[in-house]
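Be aware that the sequence shown starts at -8, since it is given in the numbering used here, and climbs by one per residue. Contents: one structure, followed by commentary.
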Amino acid sequence: MKKLLLVFIALALSLTLAGCAGDDSDDVVLNWNIGADPRTLDPGLNGASDGGDVINNTFEGLVREKNGEVFPGMASDWTVSADGLTVTFDMREDVKWSDGTALNADDFVRSWLRAMDPRNVSEYAWIWYYTNVVGAADFADSASDSDTDLDALKAAVGIKSLEDGTKLEVKLTSPTDWFISLMAFYHFMPVPTTATSEGEGAWAKDAELSISNGPFTLSEYTVGDSLVLVKNDNYWNAENVGIDVINGYFIDNSTTAYAKYYAGELDFIPSVPTTEIPAFMISNTEFHVFPLLGTYYVNFNLSGCTDLGGTRDIGTRDNDIFCNQNLRTALALSLDRDEITEALGAGQVPAAGFIPPGFADNTGADFYDTSKNDSDIVTDDGAMAQAVTLFATAASELGMSVAQLQAELSTKEYAHNTSDGHQLVAELMQAMWLENLGFTIQITNEPWALFQVSRTEGDFDMARGGWLTDFMDPSGMIGIFTPGNAYNDPDYLNPAFVAYIEAAAEATTSATHFDALYDAHAVFMTDMPVIPVYHYNDSMLVKAYVVGWSRSVLGGVDFSTATIEKTD
């Protein structure tokens, strides 16, 4: 019956894929569901994984990272000075933009300065703080309105094009082990001289204006529906690009996407219906699961909280109860994370702390194992009695009875972006809070584009959060919860936490770096500005005839050497 239903769904929807590129030729064509319609495809302005997946196939940085291994990209080689403070990249000879014009180190200098320039309002400019590039953080974080001041800071950034653009020199404030691998991240990819920040980099979605330097280039873009990528013949490694056309679709409903995959209309989908996962884990060879360095969590809205909240303007929204630490901790302790991950059924790791498995510290120990006891969170139902006690204490501190606190929380909302999986997690948490603490949270959802705006602007009580690190260090996870960071959705502000994060960034030895990060995590988990729920993994369905594709350990998909091998 389930398969028959899928056939009917696929037949009903089949006309929506009509007219896709590559239908009437001998082109090698991949039909890929991207998921949500990306907010932007501008490397320097993007901040979401859906846009990042497209950018990773249309642009290229100095290096590429595939399955944890770093490969030369626009740079053919690089050297690091003995003191670790100077990195020099040798640019490939004769590399070009997709329009055939020359590309060299000058383009990287210009693009990087654009990405960190406060006048361009990149939501990812904060990441320059973690590169340790001389002067980058000062420029990116500047609040000055003076062009003269900003231009002076820009001139002091430690990046330089040498020898007619054949070399790129980068000066660092301290040795940075993750710097080379970080250069594979989309924020550090070059953009053409015609790129502007207008309309959130609207040029990159306009096939008439879009110029890129990766294995594919944009041919068509239909807002809310689809895009078409075509092989970039000017890409330096074009001879090993095995796909001619990628039809990318913006299907944000996993059931709809799976129906099209089942009907043979899609070759690659990044998520599947939650109900199908247990069976796929056992018997479907086209189902792939990978660990991800990321965490799924719940944000509290802390704006205006005197002890640890920021100054984000949330209008008349009343979030005062979430300023109470005992309440936040009670809500965190009353979740059974084992039950949630078992319901999801895709091998997610229940989260006792915020840092996921996979980050080795200076001793070789996994940061996750060492730090997961920084709070009283347990992954099963073993902390329920403590949660009830803390809930009663919170009610007293708030001048309420338990019944009054329950009634107040029942007026609050938990918001998530529209998704079957997010809805399941929301309903499970709702049921746990009702059973253990006696209130029913209201659940709301919005399409991804709208949800991002609501969450950033603080238009929520509690909201889904999720973060995948951009580089191989725990600071890439908890570092987002610092003042001014575009992804500090709870608006968390604790000077002690900030001091530890800064100490980690300024450390000159690995030991002092990780000591500061452990201290930062301990403070963070005591404050509980978010509730860690589980650590991500990545699951996807890929037709067996799609070969040669790869993915980053940070989650991005890479079709640069993929091809289609169908047998008649």
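Every residue gets a Cβ at the ideal spot worked out from N, C-alpha and C, and that includes glycine.
Under a 10 Å Cβ-count criterion, residue 54 is classified as buried, with 16 or more other Cβ atoms of the shown protein chains found around its own Cβ. Closest in alpha carbon position to residue 497, among 199, 124, 388, is 124. Scanning 431, 99, 74 for the CA closest to the CA of residue 83 turns up 99. Residue nearest to residue 540 within the set 21, 16, 503 is 21 (criterion: CA-CA distance).
Considered as a whole, the region 360 to 414 harbours 375 to 388, 393 to 400 as its complete alpha helix (DSSP H) runs of no fewer than 4 residues, in chain order. One thing to note: residue 271 has its Cβ no nearer than 8 angstroms to the Cβ of residue 520.
In this structure, residue 431 and residue 466 do not form a Cβ contact; the two beta carbons are roughly 38 angstroms apart against a cut-off of 8 angstroms. Between residue 505 and residue 469, the C-beta spacing is not below 8 angstroms.
DSSP, read as helix, strand or coil, puts residue 60 in strand. Comparing alpha carbon positions, the residue from 543, 283, 484, 233 closest to residue 525 is 283. The region 95 to 115 makes contact with the region 182 to 199: 3 or more CB pairs, one atom from each, lie closer than 8 angstroms. DSSP places residue 320 in the uninterrupted alpha helix (DSSP H) bounded by 316 to 324. A contact is defined here as three or more CB-CB pairs under 8 angstroms, and the region 161 to 175 meets this definition with respect to the region 108 to 124. Ranking 349, 71, 330, 351 by CA distance to the CA of residue 341 puts 330 first. Judged by beta-carbon spacing, residue 381 lies beyond the 8 angstroms limit of residue 447, meaning their Cβ atoms are not closer than that value. Classified as buried, residue 328 has 16 or more neighbouring CB atoms from the shown chains inside 10 Å of its CB. Inter-residue distance for residue 197 and residue 31 is about 11 angstroms (C-alpha atoms, whole angstroms). In the three-state reduction of the DSSP assignment, residue 357 falls in the strand class. Within the same chain, Cβ atoms closer than 8 angstroms to the Cβ of residue 440 are found at 27, 28, 30, the five residues on either side in sequence being excluded. Residue 509: member of the alpha helix (DSSP H) spanning 501 to 518, first to last residue. A contact is defined here as three or more CB-CB pairs under 8 angstroms, and the region 257 to 268 meets this definition with respect to the region 408 to 415.
Residue 482 and residue 255 have their C-alpha atoms some 45 angstroms from each other. Shown here, residue 241 sits in coil according to DSSP, grouped into three states, outside any helix or strand. Check the Cα spacing between residue 464 and each of 434, 367, 347: the tightest is with 347.
Listed in chain order, the non-local C-beta contacts of residue 202 below 6 angstroms within the same chain comprise 88, 89, 90, 183, local neighbours out to five positions each way being set aside. Per the C-alpha coordinates, the member of 147, 456, 220, 137 positioned closest to residue 128 is 147. Residue 390 sits away from residue 366, with the two beta carbons spaced by 8 angstroms or more. A straight-line Cα-Cα distance of about 9 angstroms links residue 65 and residue 204. Nearest to residue 429 by alpha-carbon distance, out of 139, 392, 461, is 392. The count of Cβ pairs closer than 8 angstroms, one atom from the region 242 to 256 and one from the region 309 to 319, stays below three, leaving the stretches out of contact. Taking a contact to require three or more Cβ pairs closer than 8 angstroms, the region 69 to 76 and the region 133 to 148 do not qualify as touching. In the three-state scheme derived from DSSP, where H, G and I count as helix and E and B as strand, residue 349 is classed as coil. The way I'd put it, the region 227 to 234 does touch the region 546 to 555; three or more beta-carbon pairs between them come closer than 8 angstroms. For residue 245 and residue 163, the gap between their C-alpha atoms comes out near 44 angstroms. The secondary-structure analysis by DSSP pairs residue 434 across a beta bridge with 405. For the pair residue 23 and residue 237, the Cα-to-Cα distance works out to about 7 angstroms.
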